[in-house]
Each structure stands twice: as C-alpha cells, then as structure tokens.
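In full-length UniProt numbering, the protein residues as written are 1 to 273.
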C-alpha cells in the first residue's frame, strides 16, 4: 500500500502594516491630573502617583508611537512604550499603555490658533496632547504588549530559516478578527512599522508563562491541571478551525493572566491545506 504524497502548506496572505511614528512628548494621566514628561533622558525608576506608571527599564525619549492612519490625517491612537518584558531573537517585547487624544484639549479637532491672528493651521502629530485610557477599575489603564521586530535582524536571519517573525505576523493577523483572545490564543491587535522596527501590538498577559509557574509551585492539583488543559484544548480547537498548525505548543509558549492561559509564539505556524 502506497501513501499519497504530502501536500505543501498553504501560503500566508501578506501582512499589512500601518505607518507608525515615534515622538517624545508629555502624556496626561487623568487620575494624577498632571502631565508626565516623556521627553527627558535617563528617567530611571519612577512611579507616578495612583496611576502606577512604572518606568523601570523604559526607553529614554521617543516613547510615544502614534498610528498614522492616512496622509494628512491626525492620529487617533498611540501607544506609550514602557519597560522591557523579554528579549527575543529579532528584538524585544515591551509593555505599552494605549493612548488617546486628550478629551479636554480644545484643539483636539486637529487645528490650532495661528500666532498671527484668528486663522487656523493644521496641527502636527508632534503637537498633539495624549492621555492614557482608563479602565473601569480604579487607577488602572488599558495596557498591551508590544513586540518590536528589528528589521536589520530580520533581514540577516531570514535567509537561514523558514519560520520567523513574518510567519508570526501573518498568523496573528489572521486571528485578529476571529476573537482569538476569547479562545485562549493571542492574536494581533495592531501592526505598525517605521524605518527601523515592525511593532506587533498584542494583548498583555503579565503573569509569566506556564513553565515558570510549574517550576515555582511544583506539582499542581488535578483540578488546576484540568483547568489549564481545558483552555489549551480550546485554543488548539480554535487554531484548527482557522486552518493553522502551531507546531510549537510548549509550556514556555503558554502565557498566563490570572487563572487564564493563552497560546502564543506563532513563528512556526503552518497553514493546513
């Protein structure tokens, strides 16, 4: 009995990027009621009042990444890049706060008074005022994980291996509109690029991975193991519906947020014919 030849995996659709631009500017924290100047060098470890904006290991200057949606249009969303979560083969993963234009900014419409009189001129992105986006919970703000891919590193390694950041970007974008997070898979929320980096904005988990959890607590109760396995199986079922084979489901690629777990690390994904 002879077996049929194996099928080649399907190609991914090309990833789509929105232009991003980095600025150094103040960010308003509503609960604190004052601007946090993000333009200073060497910020060190700083906590801003009840906002709890921890700047440990943050990048000095140009930390506001604005989403430039179209030619001549003012950005409606930005991300405040913060401390480093992890180093990767192609770059780094950092915490980010989601920013919106200041709601109390009288010139938020995109125009401002000209110094010479009553005429109006279009404001630049650099002159916009931003604020963090508060959540319903007290003193908490909308946060994301920003995976930054260094384009030079991508080019130097791309010829050596099939899998990598472009596969991950394609796979996470395919999941973006399919409620991946509710199925315990981390998809892409936004994808931006500038001359140096590609920025894959993803949901923030924040509680480490399953490997380090088991290493810390040791043997877990059967009920806990059943809880995690149920969520992992749900994520694999979702990936199968999407026509994706992950190929690298391991404890290090299962991230935790409270009692929930999420499959990540999609750089080895294949599309199933």
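Glycine residues also receive a C-beta, built at the ideal position from the N, C-alpha and C atoms.
Nothing here was measured: the structure is a model prediction, and the numbers come from that model.
- For residue 165, the enclosing alpha helix (DSSP H) begins and ends at 165-176.
- In this chain, the alpha helix (DSSP H) harbouring residue 232 covers 222-241.
- For the pair residue 185 and residue 245, the Cα-to-Cα distance works out to about 13 Å.
- Ranked by Cα distance from residue 209, the options 13, 265 and 16 are led by 265.
- Selection 175, 99 and 234 evaluated against residue 79 yields 99 as nearest (Cα-Cα).
- Secondary structure at residue 131: strand, using DSSP grouped into helix, strand and coil.
- Each residue's CA atom was taken as its position, placing residue 198 and residue 70 some 18 Å apart.
- Rounded to whole angstroms, the gap between the alpha carbons of residue 224 and residue 4 is 42 Å.
- In the DSSP assignment, residue 28 falls within the unbroken beta strand (DSSP E) covering 26-29.
- Linking residue 171 to residue 189 through their CA atoms gives a straight-line distance of about 12 Å.
- According to the DSSP assignment, residue 84 belongs to the beta strand (DSSP E) that extends over 78-87.
- One Cα belongs to residue 134, the other to residue 29, and the distance between them is close to 9 Å.
- With a contact defined as Cβ atoms closer than 8 Å, residue 147 and residue 93 qualify at about 5 Å.
- Using a Cβ distance threshold of 8 Å, residue 271 and residue 26 do not count as a contacting pair.
- Straight across, the Cα-Cα distance linking residue 217 with residue 255 is about 16 Å.
- Residue 139 counts as exposed, since fewer than 16 other beta carbons sit within 10 angstroms of its beta carbon.
- Less than 8 Å divides the Cβ of residue 23 from the Cβ of residue 64.
- Selection 165, 166 and 205 evaluated against residue 182 yields 205 as nearest (Cα-Cα).
- Residue 229 counts as exposed, since fewer than 16 other beta carbons sit within 10 angstroms of its beta carbon.
- Between residue 144 and residue 201, the gap from beta carbon to beta carbon is short of 8 Å.
- Annotation: residue 189 is outside any beta strand (DSSP E) and is labelled neither H nor E by DSSP.
- Taking C-beta atoms as the reference points, residue 21 and residue 68 count as a pair closer than 8 Å.
- Only residues of its own chain outside the window of five on either side were considered, and among them none has a CB closer than 6 Å to the CB of residue 232.
- Closest in alpha carbon position to residue 207, among 153, 90, 258 and 241, is 258.
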